[in-house]
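K.L.:
Please read through the structure below; I'll follow up with questions.
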Amino acid sequence: ESGNNSTASSLIVDFNGGNSNTNANISSSGSSRSSPPPPPRRRSSLKLSDRERHRRLSANPNVSAQDLQNVLQVVASIRLERKASLDELRQERRMLKQQQR
231 ESGNNSTASS
241 LIVDFNGGNS
251 NTNANISSSG
261 SSRSSPPPPP
271 RRRSSLKLSD
281 RERHRRLSAN
291 PNVSAQDLQN
301 VLQVVASIRL
311 ERKASLDELR
321 QERRMLKQQQ
331 R
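Dropping the structure here:
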């Protein structure tokens, strides 16, 4: 069930101001020269705070109040699942470390 978040996946919103052409800076001249890819972004820089997520979704006229509530509930649920998974991993590592002694 945790992998079936149809509400969250069906509410993907374009936050680029409607500009869906993410390849706008790629040259269409057909030349084989290309610029190096940008450095990878840190995961923390990609995360939205609950406040920012709420602000962005509520500003979109295509997102109903019910959709907004569903998304925020799914996000909270996923966050709890991640925490439980990390806690389980830490516990397993502690047990392995104790067994190796």
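All letters in the sequence shown, in the order written, are residues 231 to 331 by the numbering used here.
Just so it is clear, CB atoms sit at the ideal spot from N, CA and C, and this is done for glycine as well.
From a predicted model like this one, the values you see are computed outputs, not experimental measurements.
#1: Per DSSP, what kind of secondary structure is Asn-290 in: helix, strand or coil?
#2: Please check the pair Leu-287 and Leu-298, which I expect to be a contact at CB under 8 Å, by giving their CB distance rounded to whole angstroms.
#3: Along the alpha helix (DSSP H) that carries Ser-307, what are the first and last residues, could you check?
#4: In terms of alpha-carbon separation, which member of Ala-306, Pro-267 and Pro-266 lies closest to His-284?
#5: Roughly how many angstroms lie between the CA atoms of Gln-328 and Arg-309, to the nearest whole one?
P.N.:
From the atom records:
#1: Translated into positions along the sequence shown, residue 290 becomes position 60. Correct three-state label for Asn-290: coil.
#2: As a working mapping, residue 287 is identified with position 57 in the sequence shown. As a working mapping, residue 298 is identified with position 68 in the sequence shown. Confirmed, Cβ separation roughly 5 Å.
#3: Position 77 of the sequence shown holds residue 307. Its alpha helix (DSSP H) spans residues 295-329.
#4: Walking along the sequence shown from the start, residue 284 turns up at place 54. Considering only alpha carbons, the answer is Ala-306.
#5: Counted from its first residue, the sequence shown places residue 328 at position 98. Counted from its first residue, the sequence shown places residue 309 at position 79. Their Cα atoms are separated by approximately 29 Å.
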